[in-house]
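In our numbering, the protein residues as written are 46 to 121.
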């Protein structure tokens, strides 16, 4: 409902800043949860014929960053 969204936005506005779990994983060269956070919801939306070109772009970029991060970890 609109009230729920408004309440969540209000709570978010008063929160202290923090790093997301994916950012922390990236910084510590841990595998990113790209599929769970972006890939699976994206495919579910696409199955319903949603056109999410920006989310697809974010997904591809995250996959590239995750791959690069994993290769850096293997080299260290």
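Glycine residues also receive a C-beta, built at the ideal position from the N, C-alpha and C atoms.
First through last residue of the alpha helix (DSSP H) which encompasses residue i
| i | result |
| --- | --- |
| residue 74 | That residue, residue 74, is in no alpha helix (DSSP H); it is neither H nor E in DSSP. |
| residue 60 | Where residue 60 is concerned, there is no enclosing alpha helix (DSSP H), given that its DSSP letter is neither H nor E. |
Cβ distance (whole Å) where residue i is taken to contact residue j below 8 angstroms
| i | j | result |
| --- | --- | --- |
| residue 108 | residue 79 | 6 angstroms |
| residue 101 | residue 87 | 7 angstroms |
| residue 104 | residue 84 | 6 angstroms |
Three-state secondary structure assigned by DSSP to residue i
| i | result |
| --- | --- |
| residue 94 | coil |
| residue 116 | helix |
Determine, using beta-carbon pairs with one atom in the stretch 49-69 and one in the stretch 85-93, whether at least three such pairs fall under 8 angstroms. no
Whether or not the stretch 50-57 and the stretch 80-90 are in contact is what I'm after, with contact meaning three or more pairs of Cβ atoms, one per stretch, closer than 8 angstroms; do they touch? no
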